[in-house]
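Chains as they are written, first to last, in the numbering used here: chain A, 11 to 91; chain L, 93 to 713.
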């Protein structure tokens, strides 16, 4: 089962990075996704901050390299995924 | 929108494009704009055959990250039916892009250039801390420096490109270190920027290429604090917040639409619950809400707003289900009506289908459905027009009349890049035309009708006040145009500066119903013994009144005075200028030459002349 927070995360990921839902995995990294450039990275962060009403630490923003990294940060901030 | 195509691939690209845009239309979030922009970028649209007129090339030069604006402009242009290409200059390299003759900017060959430079990029970094210590002279010198810096860049830019240029002004800060004393010192921080903005506006007021974009006013409207998002500013040098972006893009689109002639010219209005509150047929003359109570006052204000549009040249028309006599009585006699019969270019008050009425209005006014806006409180009527006539812009009128004004004010579809005297008086002219038609019905013969008009014709040589209008007629007139030769304003000026070789006439008509303005142009090329009529044209709204005969008679008169022997008329047939085809023949010219492209006609001035029609009074210019 996918909960509503996960649904939202998937929507943001697919729309910002032009991915199919089936392509999304924890291992998927910035090197694999052509669309994941620096503008897209900031867009991703900004959308997630707004969607989940959180503020992501700027060191974390730089350290996020894979979808798994991103999820870890979100979990740390109490997002239920 | 698309040219016909045999290639199947085109249709699928086209429908894919539309599917992507539909998502944005339904849910216009930044996330969806982002997604649509990036997906469209990946499509190969080069196979689409696109009308040149629908293409637009926009360049963005900025001192900050302006990519998000490119997203909005791209998608908004597509929603408006255009095919944009957008160039985003490298981050904060706008001076290099402008100064380097070989820059990507110039190679991109834009139609529109947006220059968005933040004050921080020009002022030294300690400007704010030092500001309270600066003398008035220091501040004035700084202002001059900033204005000269920008105008220097712009004169280079205007010498290199014909593109329309939008220069952002500066957002005057809402904060001042001087606090409540900001406008008590010789020049406060806010005034410092407001005065720069004023200087920029003054500098480019008369400029035909550069428009100062009032980002300060726009930020005030949106709320200056909300117009910037500091997270995104510090992380990525973004200046426009997510909520401000669509506001900025919408304002820019006003210019894009004006540039691409996507301009709406006529507002078609329902009556009940649009111009007044309540249903006239039920509440009666004294029962409708207009003035007086809060709701009635909102309707009066809405009419005042419409009148302001009318006074800048937007036509107003009525499309209403009502009894004609009852409705006209309100329009003519209700003490609180702001708009009166003379403000409406055309009226359809009946019980017929509103889509049919729209078609008739478009026909009567001679303007396309794509120039019309429809305002109606009934969602059913709005849907009917949307379905039947998708070219018409249907306003989503809010439920409450208190919000009517705002709904109309937020449209960016009435813009033109220039406004002529003729544009401003357009509504008046259409009313006069309607009255003329009514008069014609009461007269037995055309001659009797023309006599009763009391026409006065004023024929003058072109001068610097009339040349813009003359140029616009030269380039817009298709039907009664003998040669359809197009000339730029510079070319017209050049000819007018050589009266030994050329004579340019303008013709202005006034009659008992009003002033039509300049409606005719003739260009004479002078040779030793003959005058050649290089161009002869009349606006279609005065055709049928024999004014062209009066115009020709005046040219003959002048030619004779100058001892000219022959007047030569030229006729170049086109698909559209049939109405002019027998002009020279009808006026006694003999054909002396004809090939596939052109025919020449001669009038021997020793033997013949052209009589001034007796119903036209000449006024010497």
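Quick reminder that beta carbons are idealized off the backbone N, C-alpha and C, glycines included.
As the structure is a prediction and not an experimental result, all values here were calculated from the model.
In this structure the segment 323-338 of chain L does not lie against the segment 477-488 of chain L, because fewer than three pairs of beta carbons, one per stretch, are closer than 8 Å. Counting the other CB atoms within 10 Å of its CB gives residue 279(L) a total of 16 or more, which places it among the buried residues. For residue 327(L), the chain A residues whose C-beta falls within less than 9 Å of its own C-beta are 52, 55, 56, 68, 71, listed in chain order. For residue 176(L), the enclosing beta strand (DSSP E) starts and ends at 175-180. Under the three-state reduction of DSSP, residue 299(L) is assigned to coil, being neither helix nor strand. Taking a Cβ-Cβ cut-off of 7 Å, residue 31(A) has no neighbours in chain L, whose nearest Cβ is about 14 Å from it.
Under the DSSP assignment, residue 313(L) falls in the alpha helix (DSSP H) whose first and last residues are 307-314. Under the 7 Å criterion on CB atoms, residue 17(A) is classed as non-interfacial with respect to chain L. No Cβ-Cβ contact shorter than 7 Å links residue 207(L) with residue 263(L). At a cut-off of 7 Å between beta carbons, residue 184(L) makes no contact with chain A. Shown in chain order are the members of the segment 151-171 of chain L whose Cβ falls below 9 Å from a Cβ of chain A: 157, 159, 160. Annotated three-state conformation of residue 443(L) is coil, per DSSP. Between the segment 281-292 of chain L and the segment 14-34 of chain A, the count of Cβ pairs shorter than 8 Å is below three; the stretches do not touch.
Cβ atoms of residue 663(L) and residue 575(L) come within 8 Å of each other, at about 7 Å. Under DSSP, residue 358(L) shares a beta bridge with 407(L), 464(L).
In the three-state reduction of the DSSP assignment, residue 693(L) falls in the strand class. From the listed residues 627(L), 126(L), 135(L), 131(L), the smallest Cα separation to residue 50(A) is found for 126(L).
Between the segment 548-562 of chain L and the segment 574-592 of chain L, the count of C-beta pairs closer than 8 Å reaches three or more; the two stretches touch. DSSP places residue 163(L) within a helical segment (H, G or I) once states are collapsed to three.
With fewer than 16 other CB atoms across the displayed protein chains lying within 10 angstroms of its CB, residue 315(L) is exposed. In the three-state DSSP reduction, residue 698(L) falls in the coil class, being neither helix nor strand. If you check the CB distance, residue 408(L) and residue 435(L) come in under 7 Å.
For residue 346(L), the enclosing alpha helix (DSSP H) begins and ends at 337-351.
Residue 87(A) has a beta carbon lying at 7 Å or more from every beta carbon in chain L. Distances from the CA of residue 105(L) to each of 372(L), 138(L), 128(L) were compared; the closest alpha carbon is that of 138(L). Identification of chain A residues near residue 131(L) by a Cβ-Cβ cut-off of 9 Å yields 28, ordered along the chain.
Using beta-carbon distances, residue 82(A) does not count as an interface residue toward chain L, since no partner is under 7 Å. The DSSP assignment places 581-588 as complete runs of the alpha helix (DSSP H) inside the segment 561-620 of chain L, in order along the chain (cut-off: 4 residues).
With distances taken between CA atoms, residue 661(L) lies nearest to 573(L) out of 573(L), 707(L), 444(L).
About 7 Å separates the Cβ atoms of residue 633(L) and residue 611(L), confirming a contact at the 8 Å cut-off. If you look at residue 149(L), you'll find it in the beta strand (DSSP E) that goes 147-154. Within the segment 184-213 of chain L, the runs of beta strand (DSSP E) that reach at least 3 residues and sit entirely inside it are, in chain order, 204-208. At a C-beta separation below 7 Å, residue 49(A) has these neighbours in chain L: 159.
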